[in-house]
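Step one of this worksheet: look at the structure below.
2 protein chains.
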Amino acid sequence: MDRLEELRLFLAIVDSGKFAAAGRKFARSPSSTTRIVAELERRLGTRLLQRTTRKLSLTDSGARLAAQARRLLADYDDAIDGAIGEAASLRGNIKLSAPTLFGSRHIAPLVRAFLERHPDITLQLALEDRLVDLIDERIDIALRIGHLTDSSLRARRVGEVRRIVVASPDYLKRHGRPRRPDDLARHHAVTFVNQASPAAWSFQHKHGGPQKVKVSSRMEVNRAETAIGLTRGGMGLTRVLSYQVAGELAAGSLVRVLRDYEVAPIPVQLVYPSARLMAPRIRSFLDFAAGEIPQIAFNHL
Amino acid sequence: MDRLEELRLFLAIVDSGKFAAAGRKFARSPSSTTRIVAELERRLGTRLLQRTTRKLSLTDSGARLAAQARRLLADYDDAIDGAIGEAASLRGNIKLSAPTLFGSRHIAPLVRAFLERHPDITLQLALEDRLVDLIDERIDIALRIGHLTDSSLRARRVGEVRRIVVASPDYLKRHGRPRRPDDLARHHAVTFVNQASPAAWSFQHKHGGPQKVKVSSRMEVNRAETAIGLTRGGMGLTRVLSYQVAGELAAGSLVRVLRDYEVAPIPVQLVYPSARLMAPRIRSFLDFAAGEIPQIAFNHL
DNA sequence: CCGATTGTTCTGAAACACGGAATGATCTCT
DNA sequence: AGAGATCATTCCGTGTTTCAGAACAATCGG
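Protein chains in written order, with the working numbering: chain A, 3 to 303; chain B, 3 to 303.
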């Protein structure tokens, strides 16, 4: 027997003064009702209700327990109803994670628009370029560029990016435009290396197999912005993710080369732990972001 | 699933960080453990624990619920342990009922001795000559003189009394001593009448049948002490319960007559509602009183 | 004195919860 | 890097628990 249900039943008996009537309130037969009270009394080792077939009164122990039980049940209902209410409403906190550049450029404005629509939601945006563990860091949703490795996570695809090689127009004027990956041997490069971007550059052509080129770089950095800045200054070629230079390509300050040799695009995904019982605020943001991101971030390809 | 047990299990998981380990603490299989948490989450409509097979962390809702659950369970345990502890220990209140004269003369000293042995027990002694309802008045034990009629009550016999007819020595000297019930017609009587003592006097002799005599009384009172006082003053015969005049008979201030015609003795009993799950303090008093009363109250017969 | 109502006990039946096996995922040890 | 171990989860057959209804005992009102 449920320990709280039996207290509820006990209180119903105390209030109504009748076993059968109290039992009916809980859709219980009289036999069930009397058994439950008897069992509770046996467990406590004391009588709670002094009763004949016609009369009923509380013992001292019963009166004391009834008072405490009322408070207890109210507390329990508050706790449970609170949890349900909170879960069902668009309120609470959301913790996001995204790569720094993508996050500050695309996610931050998105978040701002979302928060304006939902005044009771707060949001933490953790911009990290390392691979964060969603469970450890208690992150609700992360934007990931790359294929999904963690099979316990769910994902929703919001776009794709390519690794592209770019250079400044004046650099290309001075050193010529590479036509094939092999040409890279005669070029300077600023390599951008981090956890997600290996040092070797991979290429592939429709009329040829995949190939990897070890680029001779005179400078290696671990921040994309820095590599891009140096490249704009004419220091050489660099390889970045397409979204990182969307503005520069549109403005003409950087030029995309070796386009025919680019490997398959990399998916951009919103990942989150398990789809079961997602809090509405999380689902709401997920739906919102999945609808907005393709428009604001990937209309450049 | 028990609503409190599931909270306990939930907290054990939170504390240990593992489903299986928490389940072991409650002698549950991992399958049972995961099912219970899933069901709780389904009921709340939100996820409480974000988990993979190796890692585990609380969601916001989970953290909040855990905090409330800890408090709630502590309160519940306090309430239950309190009830058990109170029931198991010799503490609390006892409510007694007894006839006024017997109560003030015999029960009160008995109570005093009992309370000296048990400092944590308090006791209310309700002296009433009417037939009180044990359930209505929430009385734990009543001393009753007479046969038990209420079948829902239990009783322990502690002695017996007789209805006896007495008079003062000087009255008998003046009016003669009655030898047979029929003689009463020539006597004066002070009749003591109340709920338990009918107006007619019953007699019975071993060599004759039972008979009832309507006594001509010049005075009728509803307090035994008053009738006894008047009888001692020589006003006539009266019929009382034997214990009520034990002292007077011993001192010789009253004389018992018609002894061979007395009807069967009336049992004196401690009655109490139901024997099931009697609180230890009640049982303790019952045992004490059942042992003492025969010695202190009935060594006069 | 009789019928109605109530708490209690008993018994067969149904719902429930349980544990073990199988699965997929992840960590650790060698 | 591979293999074993650990962990949460799902499915399914089974056993226990719990239930409702009937019979019963007690009490009260008419």
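For every residue, glycine included, the Cβ atom is placed at its ideal position computed from N, Cα and C.
Practice task
Tell whether a beta-carbon distance below 8 Å holds between F12 of chain B and L50 of chain B.
Solution key: Position 10 of the second sequence, counted from the start, is the residue given in the question as residue 12 of chain B. Position 48 of the second sequence, counted from the start, is the residue given in the question as residue 50 of chain B. It is a contact, given that the beta carbons lie within the stated cut-off.
Problem - Three or more C-beta pairs below 8 Å linking the stretch 168 to 181 of chain A and the stretch 245 to 260 of chain A - result: yes
Practice task
Give the single residue among B:L112, B:I82 and B:L42 whose Cα lies nearest to the Cα of F287 of chain B.
Solution key: Position 285 of the second sequence, counted from the first residue, corresponds to residue 287 of chain B. Distances from the CA of F287 of chain B to each of B:L112, B:I82 and B:L42 were compared; the closest alpha carbon is that of B:L112.
Exercise for the section: Taking C-beta pairs closer than 8 Å, name the residues in chain B that I137 of chain A reaches, listed in chain order. Expected result: Along the first sequence, read from residue 1 onward, the residue named residue 137 of chain A stands at position 135. Result: Q52, R53, T54, K57, L58 and S59.
Handout entry: Contact check, L145 of chain A vs L272 of chain A, beta carbons under 8 Å
Key = The count along the first sequence starts at 1 and reaches residue 145 of chain A at position 143. The count along the first sequence starts at 1 and reaches residue 272 of chain A at position 270. Yes, Cβ-Cβ distance for L145 of chain A and L272 of chain A is below 8 Å.
Practice task
Identify, in the order they occur along the chain, each residue of the same chain with its Cβ nearer than 6 Å to the Cβ of L239 of chain A, setting aside the five sequence neighbours on each side.
Solution key: Numbered from 1 along the first sequence, position 237 holds the residue referred to as residue 239 of chain A. V167, A169, H189 and A191.
Practice task
Could you have a look at P121 of chain B and say whether DSSP puts it in helix, strand or coil?
Solution key: Taking the first residue of the second sequence as 1, we reach residue 121 of chain B at position 119. Of the three classes helix, strand and coil, the one that applies to P121 of chain B here is coil, per DSSP.
Handout entry: Candidates B:D185, B:R158, B:A69 and B:Y274, of which the one nearest F205 of chain B by Cα
Key = Residue 205 of chain B sits at position 203 when you count from the first residue of the second sequence. Selected option, being the one with the closest Cα: B:D185.
Problem - Pairwise C-alpha distance: F290 of chain A and F116 of chain A - result: As a position in the first sequence, residue 116 of chain A is number 114, starting the count at 1. As a position in the first sequence, residue 290 of chain A is number 288, starting the count at 1. Using only the alpha carbons, I get a separation of about 8 Å.
Exercise for the section: Tell me whether the beta-carbon of I268 of chain B lies closer than 8 Å to the beta-carbon of G84 of chain B. Expected result: Here residue 268 of chain B refers to the residue found at position 266 when the second sequence is read from its first residue. Here residue 84 of chain B refers to the residue found at position 82 when the second sequence is read from its first residue. No.
Practice task
State yes or no: is the beta carbon of P275 of chain B nearer than 8 Å to at least one beta carbon in chain A?
Solution key: Here residue 275 of chain B refers to the residue found at position 273 when the second sequence is read from its first residue. Closer than 8 Å to some Cβ of chain A, the Cβ of P275 of chain B qualifies, so yes.
Exercise for the section: Starting from E88 of chain A, find everything on chain B with Cβ-Cβ shorter than 7 Å and list it in chain order. Expected result: As a working mapping, residue 88 of chain A is identified with position 86 in the first sequence. By Cβ distance, chain B contributes S63.
Problem - With 16 other Cβ atoms within 10 Å as the buried cut-off, status of H209 of chain B - result: Here residue 209 of chain B corresponds to residue number 207 of the second sequence, with the count starting at 1. When all chains shown are included, H209 of chain B counts as exposed.
Practice task
Could you pull out every residue in the same chain whose Cβ sits closer than 6 Å to the Cβ of V215 of chain B, ignoring the five residues on either side in sequence?
Solution key: Your numbering for residue 215 of chain B matches position 213 in the second sequence. The answer, listed in chain order, is P183, L186 and W203.
Practice task
Measuring only between beta-carbons, confirm whether T48 of chain B sits less than 8 Å from chain A.
Solution key: Walking along the second sequence from the start, residue 48 of chain B turns up at place 46. At least one chain A Cβ lies under 8 Å of T48 of chain B.
Practice task
Look at the alpha carbon of E264 of chain A and the alpha carbon of Y245 of chain A, and state the distance between them as a whole number of angstroms.
Solution key: The sequence position of residue 264 of chain A within the first sequence is 262, counting from 1. The sequence position of residue 245 of chain A within the first sequence is 243, counting from 1. Cα to Cα, E264 of chain A sits roughly 15 Å from Y245 of chain A.
Practice task
Could you check the C-alpha separation between R44 of chain B and P32 of chain A for me, to the nearest Å?
Solution key: Position 42 of the second sequence, counted from the first residue, corresponds to residue 44 of chain B. Position 30 of the first sequence, counted from the first residue, corresponds to residue 32 of chain A. Distance between the alpha carbons of R44 of chain B and P32 of chain A is about 31 Å.
Exercise for the section: Along the alpha helix (DSSP H) that carries F12 of chain A, what are the first and last residues, could you check? Expected result: As a first step, residue 12 of chain A must be located in the first sequence, where it is residue number 10. Note, F12 of chain A: alpha helix (DSSP H), R5 to S18.
Practice task
Could I get the ranges of all uninterrupted beta strand (DSSP E) runs contained in the stretch 194 to 250 of chain B, with 3 residues as the minimum, in chain order?
Solution key: As far as the stretch 194 to 250 of chain B is concerned, its whole beta strand (DSSP E) runs of at least 3 residues are 203 to 206, 212 to 215, 221 to 223 and 240 to 243.
Exercise for the section: Give the residues from the stretch 93 to 105 of chain B that approach chain A closer than 8 Å (Cβ to any Cβ), ordered along the chain. Expected result: G94 and N95
Practice task
Please confirm if D122 of chain B has its CB atom under 8 Å from at least one CB of chain A.
Solution key: Translated into the one-based positions of the second sequence, residue 122 of chain B becomes position 120. Closer than 8 Å to the CB of D122 of chain B there is not a single CB belonging to chain A.
Exercise for the section: Please name the residue or residues paired with L155 of chain A in a DSSP beta bridge. Expected result: Residue mapping note: residue 155 of chain A aligns to position 153 of the first sequence, counting from 1. Looking at the DSSP assignment, L155 of chain A forms a beta bridge with A:P275.
Handout entry: 8 Å Cβ cutoff, A144 of chain B in contact with chain A
Key = Translated into the one-based positions of the second sequence, residue 144 of chain B becomes position 142. False, the Cβ-Cβ gap to chain A never drops below 8 Å.
Exercise for the section: Output the distance between the C-alpha atoms of L127 of chain B and G105 of chain B, rounded to the nearest integer angstrom. Expected result: On the second sequence, position 125 is the one that residue 127 of chain B refers to. On the second sequence, position 103 is the one that residue 105 of chain B refers to. Answer to the nearest angstrom: the Cα atoms are 8 Å apart.
Exercise for the section: Can you grab the Cα-Cα spacing for the pair R225 of chain A / I96 of chain A, in whole Å? Expected result: If you number the first sequence from 1, residue 225 of chain A lands on position 223. If you number the first sequence from 1, residue 96 of chain A lands on position 94. Answer to the nearest angstrom: the Cα atoms are 27 Å apart.
Exercise for the section: Would you kindly report the start and end of the unbroken beta strand (DSSP E) that includes Q259 of chain B? Expected result: To locate residue 259 of chain B, count along the second sequence from 1; it is residue 257. The displayed chain sequence assigns Val, not Gln, to residue 259 of chain B. V259 of chain B -> beta strand (DSSP E) spans V257 to V259.
Exercise for the section: Starting from the C-beta of V223 of chain B, find all residues in its chain whose C-beta is less than 8 Å away, skip the five residues before and the five after it, and write them out in chain order. Expected result: Numbered from its first residue, the second sequence carries residue 223 of chain B at position 221. So the list reads V192, T193, F194, V195, A229 and L232, once near-sequence residues are dropped.
Exercise for the section: Please report how far the alpha carbon of R37 of chain A lies from the alpha carbon of Q52 of chain A, in whole angstroms. Expected result: Residue mapping note: residue 37 of chain A aligns to position 35 of the first sequence, counting from 1. Residue mapping note: residue 52 of chain A aligns to position 50 of the first sequence, counting from 1. Answer to the nearest angstrom: the Cα atoms are 15 Å apart.
Practice task
Determine, using beta carbons only, whether Q271 of chain B comes closer than 8 Å to chain A.
Solution key: For this step, residue 271 of chain B is matched to residue 269 along the second sequence. Taking Cβ atoms only, chain A never reaches closer than 8 Å to Q271 of chain B, which makes this a no.
Handout entry: Beta-carbon contacts of I284 of chain A that lie in its chain and below 8 Å, excluding the five residues immediately before and after
Key = By 1-based counting over the first sequence, the position of residue 284 of chain A is 282. Cβ neighbours of I284 of chain A beyond the five flanking positions: I96, D142, I143 and Y274.
Practice task
Name the two residues that bound the continuous beta strand (DSSP E) containing R53 of chain B.
Solution key: Taking the second sequence and counting its residues from 1, the one referred to as residue 53 of chain B is at position 51. R53 of chain B -> beta strand (DSSP E) spans L51 to R53.
Handout entry: Y78 of chain A: contacting residues in chain B (beta-carbon distance under 8 Å)
Key = On the first sequence, position 76 is the one that residue 78 of chain A refers to. Residues of chain B passing the Cβ test: R5 and L74.
Practice task
Please list the partners that E43 of chain A has in chain B, where partner means a Cβ-to-Cβ separation under 7 Å.
Solution key: Within the first sequence, numbered from 1, the residue matching residue 43 of chain A stands at position 41. By Cβ distance, chain B contributes L279.
Exercise for the section: Could you tell me whether the Cβ of L67 of chain B comes closer than 8 Å to any Cβ of chain A? Expected result: To locate residue 67 of chain B, count along the second sequence from 1; it is residue 65. So yes, L67 of chain B belongs to the interface.
Problem - Coarse secondary structure for V265 of chain B, derived from DSSP in three states - result: Indexing the second sequence from 1 puts residue 265 of chain B at position 263. Three-state DSSP puts V265 of chain B in coil, outside helix and strand.
Practice task
Sort out for me which residues DSSP pairs G94 of chain B with in a bridge.
Solution key: Indexing the second sequence from 1 puts residue 94 of chain B at position 92. In the DSSP secondary-structure assignment, G94 of chain B is bridged to B:I123.
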